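Residue numbers for the sequence shown, in mature numbering (1 follows the signal peptide of the UniProt record, and there is no 0): -23 to -1, 1 to 936.
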Amino acid sequence: MRVCFQIITFLLAVNFYCQPLRAQDPSCCHHAAESSRCKDACDQLTTIKSESRLKHLLQRLPSYCPESMNELWMCINSTLPGVSRKSDGWVGLGCCELAISAECRRECKQASSKNDITKVCKKITENSLYSCITKNEMGSTCCSYAGRHTTCREYCQAIFRTDSTPTVSQINAVKEYCQSHSAQLLSCVSNFTKSYPIRSPIDSLYCCDRAEATHCQVSCRRILRTMSTEHEIMDGLINECGSQPLPQEPMWQCFLGSAHPPSPTEEETPHPAKMDCAKLHCCSKANTSLCRDMCQEISTNWGSQTWQDFDQLCEYNPVETELINCLSDVREPCQLGCKDLTYCTNFNNRPTELFRSCNVQSDQGAMNDIKLWSNGTIKMPFMNIPVLDIRKCLPDMWKAVACSLQIKPCHSKSRGSVICKSDCVDILTQCGDRKRFHEGQTPERICELLSPIDDPERCIPLHRYLTPSSLGNNIVEEVIHPCNPNPCPSNHLCQVNRKGCLDELNCQPYLCVPGCKLGEASEFLVQQDSRIQVPTRMGPAGCFEVCSCGPSGRLENCAEMPCVDTTKHCVVGGQRKSHGTSFRIDCHTCSCFAGDTICSTRECLNFDSSDKDRRHFTGLPCNCPDRFVPVCASNGRTYPSACVARCKGFKDQQFLFGQCRLSNPCAYKPCQRNQRCIPKYSVCLSDSSDCLQYECVGRQLSCDKNSVEPACDTDGMVHPSLCQLQQAGKTLAYMGHCQDTCGKPQQVCGHNGETYSTVCDAFSDRVAVDYNGPCQAVGAVSDVAPDSACSLIPCPRLSTPGCQPVTPPGACCPICASMLQILWNKEQMNTFSKLNKNRPVTVHGVLQILRLHVSVPQCDVFGYLSIDHELVVLIAPVDQQPTPLQIEACSKEAEKIDSLINYASPTLVSHVPLSAFLTSEIKTSSIRSSGGAPPSPLPLGLCFLLGLVVAAAPGLQQL
């Protein structure tokens, strides 16, 4: 039960509304001088330019300013323009997020009545949804009896809006304000509330235990036992505990959110069915306290009206773009490609464009929108836009609008799905029904709220979708999207099949992997056995716990991490940088993390350097000479010289001369007699534990026959898994199917400075090839450094003629791929290692997780730790001669991941250890237009039927 705190909720709302605002026209509000709450709320009316927000506050204003304040209300009514009454519409819309199945949730959002969802949403399995709809229907019926009496209607709606038991004060308020207006309303409300037992304040004594101060706990118990009215209890708690009722404080959170005291066997934290940890990640991105609080309410304790309120106040608020984009990432992540649409056909065959919701439901939704709009009104969450007959006025443009709003093209740079302002103004200027516009409405003002952006790099230009794709239907075999649309059950993730299959006749290009939802109300899935970072349910912003996705399909074994103080700033050059901000200092990439400035360790060349300094500048750490005399450091990374290793902080006893992979970590027999030592070369990002280069494996009596991850032994024989290879007593050559081209040793040098026996061995380690032959030089790390060390290295030709390549730091040869240079936080990596039984975080492990974010089989992820200790990630085409379209697809995948990192999207930072990423810089490859026909791609079957290395081994060797 929510004891006594409807008034506290009002107080918080006033605080959220009014704190950042200042009155500009106090002509009416001086009538409210005797009531500070009313005066604050009134003052805000004079500052609001948005009709929807003005309407919302006017509906709330009687809560702060009683109707008995006649002079005030007469002044307001004569000063402010009339505001149309909000249409109730589909009363179940706010309940849709409570649906368990995704199909039901989508159907509910597109429905116009309860009858529309009964075929998909079964009452047996969707109890919460139907209970919510029933409650909404009752509220809509009861409160309609209030007629024009605003205060009565508002107090009536409060009864049905809350997600917990109606409070005594709410019921009494309805009786007080509605008894003279409508006996039917009182009877209707009474029928609803009589089933709720009335509780006394002492039922919430358990909340007192959550107060941090002992004296506050004692005072809280005394106040609840001795005081009865809400005003007394609220004032007493504020005076005794010395704090305002803030929802992030445990005691107040308990009072504001608890429906009943927990039983001894019940968890004190909210039930997972009321949680969405993925959305909770986003709440800290809110720029206003109101939207942050509403976001937390959405994510932890959904009520039937929460989504409508959030849409009205936050969804189109230009200062909340980052919050809205984050929530969009969680609901509908951007994915490449769109196909099989029957209505929005101009969106088909666009394999290198990103969309949030390319599916049959959205296609149908666009067609339904056009039917509704043909009635002459565009219904938005917070306003109605009157229009002329869209069947005659720019019908193709309206179709493009409807399809864009449903299919949601999203630019990788801004991740938004907003129509460009110029298109919005143009279509409303020509087709808006000016006669029915509200006073003060113009196309420009409407579009300033709906589509404030007019940068084609950050908004959707409608002309792009007025005609079909220029690619036609002939590009299907070049770039495919096996997981779009999703072919898997709702509790499984779809992943690109990069492992291949032993049974080639029954092989799919995708895998359906069991997963866990981040809360029962969440649509966001993570892979089984993965480790996930989620915000703590009761703690402030910056407090997280790391959980694992268990076989039950739920998050389990959660352990709290040290909280991050997100309020701390960094001072750089006399300027304050807030937590999470990225910036540059000279040639360094930097990020502010909880008050600490974390920068890359690149060697910079100043603009005022002398000619001598420029000639001797190598760009290597500490300006070390570019000689290649490799040493293997204790983190498993090969450095080009002892000078570089020392510069990176390694003492002489922490490195040995020679490349790491050319040593034998099992030579000193580190394992027990009944165990087998298997070399397992790793580069560790954490240093809180030893970075072992081997694994001790006991004799396994049986292997999991369902686990298929092909492994090739040194005799050229493929085994279904590494376990079965070891059972056969064989030695691993590389993971993946055996390749004829890798049957004989043919050394190649990887971008990490390691020499591999074959190209397949390099790709198995997720490292792309720099050049053929053993490693013998270190390339430039800085863009301004000379490349003399690589002058004698014969580089392979580029995989695609006309490609504008990138050269990874420390490499000698350019490559036709897109590159991310990622700055990361070592302290967080160490924390993740400690929470995972001191298992080190490795580069290979990070790359394997990043691979899950690439949805096109024609592109794959490679990478290494640079000698400057940035994580370099390459997203490269795997076909032998990739087409321009495939190269563009890989660039788009790289841009997508770069954006997810830089905006700290929950779809990426939920995964441990990717949440330690601070910022990313990107360089993409492109194809110069030559006019010639593109080279023919390899048969696509190779990409997934035989696994990555089949298609990649001959191709990437020539990149």
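The beta carbon of each residue, even a glycine, is placed where N, CA and C say it ideally should be.
Just so you know, these numbers come straight off a predicted model, no measurement behind them.
State yes or no: is the C-beta of residue i within less than 7 Å of the C-beta of residue j?
i, j, result
"Y122", "L162", "yes"
"S334", "I384", "yes"
"D875", "L797", "yes"
"V818", "P883", "no"
"C767", "G779", "no"
"V758", "G572", "no"
"S499", "D253", "yes"
"A710", "T691", "yes"
"K811", "S679", "no"
"L304", "S276", "no"
"V783", "K873", "no"
"C609", "G635", "yes"
"D340", "A379", "no"
"Y442", "N323", "yes"
Provide the residue span of the beta strand (DSSP E) that contains residue i, from first to last.
i, result
"V511", "508 to 512"
"E898", "894 to 900"
"S795", "795 to 801"
"L502", "502 to 504"
"E672", "671 to 675"
"G342", "From DSSP, G342 is part of no beta strand (DSSP E) but of the alpha helix (DSSP H) over 337 to 350."
Which same chain residues end up closer than 8 Å to residue i when comparing Cβ atoms and leaving out the 5 residues on each side of it in sequence?
i, result
"K398", "C424, E425, S428, P429, I430, D431, C436"
"G492", "N468, H469, L470, L502, V503, Q504, Q505, C526, G530"
"P751", "Q724, C726, T732"
"G405", "Rather than Gly, the amino acid found at residue 405 in this sequence is Leu. Here the set comprises I362, V364, P420, I423, C424."
Helix, strand or coil: which one does DSSP assign to residue i?
i, result
"H7", "helix"
"D837", "strand"
"I844", "coil"
"N361", "strand"
"A571", "coil"
"R653", "strand"
"M211", "helix"
"K554", "strand"
"C700", "helix"
"S903", "strand"
"M712", "strand"
"H440", "helix"
"A853", "strand"
"S287", "Sequence inspection shows Phe at residue 287; the Ser mentioned does not correspond to that position. Looking at F287 - three-state DSSP - the assignment turns out to be helix."
"C540", "coil"
"C524", "strand"
List the endpoints of the continuous alpha helix (DSSP H) containing residue i.
i, result
"C867", "861 to 879"
"V746", "That residue, V746, is in no alpha helix (DSSP H); its beta strand (DSSP E) goes 746 to 749."
"H593", "588 to 593"
"D690", "From DSSP, D690 is part of no alpha helix (DSSP H) but of the beta strand (DSSP E) over 688 to 690."
"C424", "420 to 427"
"K398", "398 to 408"
"I355", "No alpha helix (DSSP H) holds I355; the beta strand (DSSP E) holding it covers 354 to 356."
"S559", "S559 -> not in any alpha helix (DSSP H); beta strand (DSSP E) instead, spanning 559 to 562."
Considering only residues of the same chain and omitting the five flanking positions on each side of residue i, which have a CB-CB separation below 6 Å?
i, result
"I94", "E84, C85, A88"
"H540", "A small fix is needed here, since residue 540 is Cys in this sequence, not His. Here the set comprises G519, C520."
"R905", "G779"
"P438", "C397"
"L662", "M806, V818"
"C120", "R130, C133, Q134"
"T329", "E865, A866, K869"
Which same chain residues end up closer than 7 Å to residue i when comparing Cβ atoms and leaving out the 5 residues on each side of it in sequence?
i, result
"C98", "A76, C81, E84, C85, L106"
"P462", "N336"
"residue 941", "As shown, the chain starts at -23 and ends at 936. That puts residue 941 outside it, with no answer to give."
"C524", "I509, V511, L532, E533, N534, C535"
"K262", "E299, L300, C303"
Taking 7 Å as the CB-CB cut-off, is residue i touching chain B?
i, result
"E80", "Going by chain labels, chain B is absent from the structure shown, which holds only one protein chain."
Inset, instruction - Take every Cβ of the region 797 to 811, pair it with every Cβ of the region 843 to 850, and state whether three or more of those distances are shorter than 8 Å. - result: At 8 Å Cβ cutoff, the stretches touch.
Inset, instruction - Evaluate contact between the region 833 to 844 and the region 863 to 870, counting only Cβ atoms and requiring at least three cross-stretch pairs below 8 Å. - result: Yes, the region 833 to 844 touches the region 863 to 870.
Inset, instruction - Flag this pair as touching only if the region 637 to 648 and the region 679 to 696 have three or more C-beta atom pairs under 8 Å; answer yes or no. - result: no
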